[in-house]
Amino acid sequence: MSNSNLTRIEIANNLNKEIGISRSESSYFVDTIITEMIESLIQKKILKISSFGTLKLRHKNERIGRNPKTGKEHTISARNTISFIPSKILKKSVNSE
3 MSNSNLTRIE IANNLNKEIG ISRSESSYFV DTIITEMIES LIQKKILKIS
53 SFGTLKLRHK NERIGRNPKT GKEHTISARN TISFIPSKIL KKSVNSE
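Heads up, the sequence shown is in my numbering, so the first residue is 3 and it goes up one at a time.
Set out below in structure tokens:
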């Protein structure tokens with residue numbers, strides 16, 4: 003298994019090669035899709051991508067945490083996180099390799 007990352011530029015380059023559109027157009031498409039995904043999460047919409055998975059915003063309340071080294075308690079502020087639930091198809095694809 004390789005430790006390399008797939009970047010926006012690599013996705014845009016793959017679109018450029020597969021579809022034959024210019025690099026600037028493919029880069030624009032990737033940026034637009036990512037922006038739309040972010041905007042939908044900000045609006046607290048559930049983002050479902052068929053055969054891939056579901057992303058949704060979750061709110062975590064303020065809570066008391068503990069520093070594992072010192073044992074000292076401190077407050078962890080309330081925040082939003084993103085949860086990802088992979089689709090069955092994605093799980094099957096990943097586990098078959």
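A virtual CB, placed ideally from N, CA and C, is assigned to each residue, including glycine.
The residues 32, in chain order, have a CB closer than 6 Å to that of residue 13 in the same chain once the five nearest residues on each side in sequence are set aside.
The three-state secondary structure of residue 50, taken from DSSP, is strand.
In this structure, residue 43 lies away from residue 28, with their beta-carbon atoms at least 7 Å apart.
If you look at residue 92, you'll find it isn't in any beta strand (DSSP E); it sits in the alpha helix (DSSP H) that goes 90-98.
For residue 79, the secondary structure class from DSSP, reduced to helix, strand or coil, is coil.
For residue 56, the enclosing beta strand (DSSP E) covers residues 55-62. Taking a contact to require three or more Cβ pairs closer than 8 Å, the region 48-56 and the region 19-26 do not qualify as touching.
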